């Protein structure tokens, strides 16, 4: 592992001082764990003992050998700011409640994860070192499936693959909506982070319905219709009565979500995927303006992805195949390599779902609008077998693929961090964002690997910074680049909809003092000892 | 006004004792206002003085003559439990902040309303007597309109009529989605109550994006992207970063919403309304099961209304035209009168929006499914000129109509209260709800006037209890009937999505102790003096 040599280097260079402060625990493997600040070693050990009594010896991880998977992430962490103290993996809500009780007693901070595959954002690692990972992957039951309503109630450990298998085994007429690397990702985790996907159900939080939340004091809250006796409406009606609470448990640290309801898309009779191939980087503006009205009037019902050539190529190629220099890949080189692979500088994927007749009535309207942007409108007829077309054909029907993991192999030892600023779905915005992102990425010597996920009225610009995590120099540069990205985009009003653990606080500052104040008040009301995920989205 | 004689009767009968307790203020008009409990008269007068200094003499209403409009409602209130102490009408956010400061100083409870036309649920009247109405109708600016994105930012006093006029004057290519009696209703008020309408944008809270909330301490929170400097994404992106907060300010008393963003539906090239006429009350089950898959796969994109014959007829007829007896109208009499008016026992309205070609490709699928229920599928070709078809043709394109006000004239002096339990969108549910509602309504001597609003996976059953508010006996019976409805529906898990001020607490109990506990904690965190709308949705 490159991680080892990097840590060794840090230590010998003295840069790892922070790691070896009072909380650090030396490990025979040469890595470190970090204890929670202000929790003495013997108190930590006592807490671990109590946790073992709850979940069993084998489900508490508090040494270097067993915690190593929890500290693995693709983002830079040169100063060891995101190193857990260990992990505990309950298998039931009762155990979660008991663990929270221990955490309150010892002031042990817990960082809940579902499956811990928050890929571009820090995987399972906590916002600050010393937190113990509350790993919910063993709670992986599909609790209910209503085949009339297309609703499901699942535990945090349920992956998209698992639910996909369940649907296939039972031949249920529904499709999932998956995020990137869906098979290994938790529905609950992705939805709570407000992730997005590729089908008409691409806005996952929009399609979420009802949750069970374990509060810090053990109170078990069922939102919406969940607490109504004899009700069968928990997964059917989102809003319930009185204040709608679900939202405050997303991207938050106000409770531990232990069950989540989701709506699933009915399988359509016919599905037809499209790609619009655009030759030039500056076409991004025209394509954006062409997409917007169709997302607003729902002629394009799904989450449209405008994929930049470099983001696409990085899935299946390594950088040196395209460019041997350290300098950013010149546009012309990229364009030529993309063309050889059947790709444009932008490749815009959308799909139609319905009957042959409805699709036939809709298709000409879309073709004509995209042709007017100068793009080529292509379907299976021209693109079948093209690996990128096939990749998105799979995604836009909620299929299983891990191909995007390829991105972390782009450059040296796996390193990647995502920045995802939002903007109105207007060409002037994507034009400006692309120019600014390219400028900053190239200034720091990185390749600009973009995608835009276009919702109804806004878009997420997903910028994947791929670097060599085996190189400290490159890791440091990646960190600085990301900080400049967040800061300079923020100055233009383009803030991230989500953040890696490394910039959670920086982003939170951009959302204003009143927002932080209200979040702080809610935190105090619901978790007065601040034991759940302190620092999550900048909330202490 | 019938209200006067009722109050006189109450007083002479001694039943009005509660009205004349310490807080009651005798009025030369023979009505009453109620002071807030535990706020002595001189303190109240001092508070009123300070409010006058803020908004001007003419915008504080604290005597019988000027407050009479605020206490007018259609629901029964025999014990004077929903009588305001007066009203104050600011014209700016600054004034709202100043008013809240006074309210905190004097512990003066404020009941915010936008335009106060919460028709079946108590109009402007508060959950408990003595609250002062915070009337926001003077804050009626359309602050922003983005004609590319179809988004708008409005103040609470903006009515659907006002926004409709703005759209027409500026020839903007968008449609509204209106609730019942839309022209006089506030967008903000209806959306905060999570009201529903008739177009594809029928779930108003779904289509809401960004709000400004004045907290009890004067903190001005802009949710979502609203606090990001230089951002133009406030009305484009719903979720923002960190906990999604908007939901906790709907159906709540955690703050005063002073601005609200909404998405508007692009005007389609072609619009085609349909009605399915069903002969028998028990057809409700088959029709429900026919609607559900089309709402889920979006072949029917709009909020479908299944309107019962009696609800329909009451818009344009008075009861005695159909039935002279006090006993509930027999089904056969109702059926015959409905048939004479071109109506069935259920009249199910939906619409298609798009191009001629897309509608032509979709229509046969719907026709065949609804024909299989035994219903007649009718369009403009057969129904043009029918007042009920025209009414829904207007509503399903977001047009302006006040015709539903007719309902309060059904029986004697205007009295009506709505009960709206939710259920999964399944035929067995509507069949069971209709049977239970009819049984209870008829037991108490009222006519069962139903509508079902069918969302994607759930439905709201809207039961309008129409009674003679001029009769104390009938008012008391209406109250008892409503209590039995809420209770017995609740036992089956069918709880209201919203409530009149008279049953807010009763409904809240059905949503469980944990829910109430969390709401109480949030209230304490955001409004520690409990000055904003105490009792709203059962939250002290």
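Residue numbers (this note's numbering), protein chains in the order written: chain U, 8 to 547; chain F, 8 to 547.
The C-beta atom is built at its ideal place from N, Cα and C for all residues, glycine as well.
In this text, all values refer to a predicted model and were calculated from it rather than measured experimentally.
- Listed in chain order, which residues of the segment 200-219 of chain F have Cβ atoms closer than 7 Å to some Cβ of chain U? 201 and 212
- Near-chain U residues of the segment 482-503 of chain F - C-beta to any C-beta below 8 Å: 497, 498, 499, 500, 501, 502 and 503
- In chain order, which continuous runs of the alpha helix (DSSP H) of length 4 or greater are located wholly inside the segment 47-83 of chain U? 48-62 and 71-78
- Query: List, in order along the chain, the chain F residues whose C-beta lies closer than 7 Å to that of residue 246 (chain U)?
  - Reply: Counted from its first residue, the first chain places residue 246 (chain U) at position 239. 201, 212 and 504, listed in chain order.
- Minimum Cβ-Cβ distance from residue 240 (chain F) to chain U less than 7 Å: Position 233 of the second chain, counted from the start, is the residue given in the question as residue 240 (chain F). Yes - at least one Cβ of chain U is within 7 Å of the one on residue 240 (chain F).
- Query: Listing by chain order, which chain U residues have their CB less than 8 Å from the CB of residue 261 (chain F)?
  - Reply: Within the second chain, residue 261 (chain F) is the residue found at index 254, counting from 1. Correct list: 250.
- Inspect the CB distances between the segment 220-235 of chain U and the segment 161-181 of chain U and report whether three or more fall short of 8 Å. no
- Query: Which chain F residues are close to residue 364 (chain U), counting only those with a beta carbon under 7 Å from its beta carbon?
  - Reply: Within the first chain, the letter at position 357 stands for residue 364 (chain U). Residues of chain F passing the Cβ test: 368.
- Query: How would you list, in chain order, the residues of chain F whose beta-carbon sits under 9 Å from the beta-carbon of residue 253 (chain U)?
  - Reply: To locate residue 253 (chain U), count along the first chain from 1; it is residue 246. Under the 9 Å cutoff, chain F gives 251 and 254.
- Can you give me, in chain order, the residues of the segment 426-453 of chain U that have a beta carbon less than 9 Å from any beta carbon in chain F? 429, 430, 431, 432, 433 and 436
- Message: What residue range does the beta strand (DSSP E) around residue 466 (chain F) cover?
- Response: As a position in the second chain, residue 466 (chain F) is number 459, starting the count at 1. Element bounds for residue 466 (chain F): 465-473.
- Between residue 170 (chain U) and the rest of its own chain, which residues show a CB-CB distance below 8 Å, the 5 nearest in sequence each way excluded? Position 163 of the first chain holds residue 170 (chain U). So the qualifying residues of the chain are 149, 159, 161, 183 and 194.
- Is the shortest distance between the beta-carbon of residue 257 (chain U) and the beta-carbons of chain F less than 7 Å? On the first chain, position 250 is the one that residue 257 (chain U) refers to. Yes - at least one Cβ of chain F is within 7 Å of the one on residue 257 (chain U).
- Message: 7 Å is my cut-off, CB to CB: does residue 349 (chain U) come that close to chain F?
- Response: Position 342 of the first chain holds residue 349 (chain U). For residue 349 (chain U), the answer is no, since every Cβ of chain F falls outside 7 Å of its Cβ.
- Task: Whole angstroms is fine: what's the gap from residue 363 (chain F)'s alpha carbon to residue 207 (chain U)'s?
- Result: On the second chain, residue 363 (chain F) is found 356 positions in, with the first residue counted as 1. On the first chain, residue 207 (chain U) is found 200 positions in, with the first residue counted as 1. When rounded, the distance between both Cα atoms is 23 Å.
- Query: So, are the CB atoms of residue 188 (chain F) and residue 470 (chain F) less than 7 Å apart?
  - Reply: Indexing the second chain from 1 puts residue 188 (chain F) at position 181. Indexing the second chain from 1 puts residue 470 (chain F) at position 463. Their beta carbons are not under 7 Å apart, which means residue 188 (chain F) does not touch residue 470 (chain F) by this criterion.
- Query: Hey, would you say residue 242 (chain U) sits closer than 7 Å to residue 217 (chain U), going by beta carbons?
  - Reply: Reading the first chain from its first residue, position 235 is the one you call residue 242 (chain U). Reading the first chain from its first residue, position 210 is the one you call residue 217 (chain U). The answer is yes: Cβ separation under 7 Å.
- Query: Are there three or more Cβ pairs, one per stretch, closer than 8 Å when the segment 259-274 of chain F is compared with the segment 263-271 of chain U?
  - Reply: no
- Does any CB atom of chain F fall closer than 7 Å to the CB of residue 465 (chain U)? Within the first chain, numbered from 1, the residue matching residue 465 (chain U) stands at position 458. Yes, residue 465 (chain U) lies at the interface with chain F (some Cβ there is under 7 Å from its Cβ).
- C-alpha distance - residue 355 (chain U) paired with residue 282 (chain U), whole-angstrom precision: Counted from its first residue, the first chain places residue 355 (chain U) at position 348. Counted from its first residue, the first chain places residue 282 (chain U) at position 275. Spanning the two alpha carbons is a distance of roughly 5 Å.
- Query: What residues are listed by DSSP as bridge partners for residue 149 (chain F)?
  - Reply: The residue you call residue 149 (chain F) lines up with position 142 of the second chain. Beta-bridge pairing links residue 149 (chain F) to F:161.
- Since I believe residue 121 (chain U) is in contact with residue 143 (chain U) (beta carbons under 8 Å), could you give me their beta-carbon distance rounded to a whole number of angstroms? Start at 1 with the first residue of the first chain, and residue 143 (chain U) comes out as number 136. Start at 1 with the first residue of the first chain, and residue 121 (chain U) comes out as number 114. Right, the Cβ-Cβ distance comes to about 5 Å (below 8 Å), so this counts as a contact.
- Message: So within the segment 368-418 of chain U, which uninterrupted beta strand (DSSP E) runs reach at least 3 residues, ignoring any that extend past its ends?
- Response: 383-385
- Message: So for residue 19 (chain U), helix, strand or coil by DSSP?
- Response: Here the question's residue 19 (chain U) lines up with position 12 in the first chain. For residue 19 (chain U), the predicted structure reports a pLDDT of 32, less than 50, and the residue's modelled location is therefore unreliable. The matter cannot be settled from this model.
- Query: Should residue 519 (chain F) be flagged as near chain U, meaning a C-beta pair shorter than 7 Å?
  - Reply: Here residue 519 (chain F) is taken as the residue at index 512 of the second chain, counted from 1. Yes - at least one Cβ of chain U is within 7 Å of the one on residue 519 (chain F).
- Task: Could you tell me which residues DSSP pairs with residue 219 (chain F) in its beta bridges?
- Result: In the second chain, residue 219 (chain F) corresponds to position 212, counting from 1. Answer by DSSP bridge pairing, in chain order: F:229 and F:266.
- Query: residue 119 (chain U) lies in the beta strand (DSSP E); which residues open and close that run?
  - Reply: Start at 1 with the first residue of the first chain, and residue 119 (chain U) comes out as number 112. That run of the beta strand (DSSP E) goes 117-120.
- Task: Please list the residues of the segment 522-537 of chain U that have a C-beta atom closer than 8 Å to any C-beta atom in chain F, keeping them in chain order.
- Result: 522, 524, 525, 526, 528, 529, 531, 532 and 533
- From residue 237 (chain F) to residue 251 (chain F), what does the alpha carbon distance come to, in whole angstroms? Reading the second chain from its first residue, position 230 is the one you call residue 237 (chain F). Reading the second chain from its first residue, position 244 is the one you call residue 251 (chain F). C-alpha separation (whole angstroms): 21 Å.
- Check whether the Cβ of residue 276 (chain F) lies closer than 7 Å to any Cβ atom in chain U. Here residue 276 (chain F) refers to the residue found at position 269 of the second chain. For residue 276 (chain F), the answer is no, since every Cβ of chain U falls outside 7 Å of its Cβ.
- Task: Go ahead and pull the three-state DSSP assignment for residue 112 (chain F).
- Result: Indexing the second chain from 1 puts residue 112 (chain F) at position 105. DSSP places residue 112 (chain F) in helix when its eight states are reduced to three.
- Task: Starting from residue 546 (chain F), find everything on chain U with Cβ-Cβ shorter than 9 Å and list it in chain order.
- Result: On the second chain, residue 546 (chain F) is found 539 positions in, with the first residue counted as 1. The contacting residues are 249 and 250.
- What residues from chain F crowd round residue 514 (chain U), counting only those whose CB sits closer than 8 Å? On the first chain, position 507 is the one that residue 514 (chain U) refers to. Neighbours of residue 514 (chain U) on chain F, chain order: 248.
- Query: Shortest alpha-carbon distance to residue 300 (chain F) belongs to which of F:214, F:427, F:156 and F:434?
  - Reply: On the second chain, residue 300 (chain F) is found 293 positions in, with the first residue counted as 1. For the residues F:214, F:427, F:156 and F:434, the minimum Cα distance to residue 300 (chain F) belongs to F:434.
- Query: Would you call residue 42 (chain F) buried or exposed, if buried means 16 or more other Cβ atoms sit within 10 Å of its Cβ?
  - Reply: Here residue 42 (chain F) refers to the residue found at position 35 when the second chain is read from its first residue. It is buried - the Cβ of residue 42 (chain F) has at least 16 other Cβ atoms within 10 Å.
- Could you name the residues that DSSP lists as bridge partners for residue 457 (chain F)? Position 450 of the second chain, counting from 1, holds the residue named residue 457 (chain F). DSSP output for residue 457 (chain F) lists F:470 as bridge partner(s).
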